[in-house]
Amino acid sequence: MSSSSSISIGTARHFHPAGTPGDICRDHNRAALATVVAAEARRRGYGPDLSDEQIDECAESAGRKPPSHTSRKAIRAALGPPITAEDAPQTVAAAVFDALPSNPVRVVGRDGREFFLVPLPATA
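Remember, the numbering used here sits 12 above the position in the sequence shown when you count from 1.
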């Protein structure tokens, strides 16, 4: 998909009540947007050790600007080992809680499809 045909996922401020602190919205945006670049990286066969140049190529292919240092960390986190239904509860808990507040978590479903879990804050 070229940048001229890409669509926006919008911003987190539209998903949260008025008055939600800006840092909450930024964390939500970072996690959601990291999945766009991470999905392109997965299609290319990249893992969490991809270079900044590879991240930039994936961002460009996804119609995004080069990400910030913090967003690069979120992208790399999203490309880490996935959690699965076979993982021990402690492994799942560690993956989820270590990802908060702004890193997506890669999950492989029972059918083999991959997903990204994006933390959505419920409280400020």
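We put the beta carbon where it would ideally sit given N, CA and C, even for glycine.
Bear in mind the structure is a predicted one, so any value in this text is a computation, not a measurement.
| said: From the DSSP secondary-structure annotation, give me the bridge partner or partners of ARG118. | reply: Counting from 1 along the sequence shown, the entry for residue 118 is found at position 106. Paired residue(s): PHE128.
Worksheet item: When the distance is taken between beta carbons, is LEU112 closer than 7 Å to PRO93?
Response: Your numbering for residue 93 matches position 81 in the sequence shown. Your numbering for residue 112 matches position 100 in the sequence shown. Not closer than 7 Å, so no.
Notebook entry, point to check: Mapping DSSP to helix, strand and coil, what is THR96?
Noted result: In the sequence shown, counting from the first residue as 1, residue 96 sits at position 84. Three-state DSSP puts THR96 in a strand.
### Query
Is DSSP giving ASP61 helix, strand or coil here?
On the sequence shown, residue 61 is found 49 positions in, with the first residue counted as 1. Note: ASP61 maps to coil in three-state DSSP.
Where ASP194 and HIS26 are concerned, what is the direct C-alpha to C-alpha distance, given to the nearest angstrom?
Past the edges of the chain, shown from 13 to 136, lies residue 194, and the structure says nothing about it.
Top-ranked residue by Cα proximity to VAL48, from GLU98, THR135 and LEU91: Here the question's residue 48 lines up with position 36 in the sequence shown. It is LEU91 whose Cα lies nearest to the Cα of VAL48.
Practice task
Determine the DSSP secondary structure at ARG55, reduced to helix, strand or coil.
Solution key: The sequence position of residue 55 within the sequence shown is 43, counting from 1. The answer is helix: DSSP assigns ARG55 an H, G or I state.
| message | Comparing C-alpha positions only, which one of GLU98, ALA71 and LEU129 sits nearest to PHE110? | response | Here residue 110 is taken as the residue at index 98 of the sequence shown, counted from 1. Here the sequence assigns Asp to residue 110, which means Phe is not the residue at that position. Among GLU98, ALA71 and LEU129, the Cα nearest to that of ASP110 belongs to LEU129.
Straight-line Cα distance separating HIS40 from VAL108:
If you number the sequence shown from 1, residue 108 lands on position 96. If you number the sequence shown from 1, residue 40 lands on position 28. Rounded to the nearest angstrom, the two C-alpha atoms are 15 Å apart.
To the nearest angstrom, report how far apart GLY57 and GLN66 are at their CA atoms.
As a first step, residue 57 is located in the sequence shown; it is residue number 45 there, counting from the start. As a first step, residue 66 is located in the sequence shown; it is residue number 54 there, counting from the start. One C-alpha to the other measures close to 11 Å.
Checklist line | DSSP three-state assignment for ASP39, whether helix, strand or coil | finding: Along the sequence shown, read from residue 1 onward, the residue named residue 39 stands at position 27. In this structure, ASP39 counts as helix in the three-state DSSP scheme.
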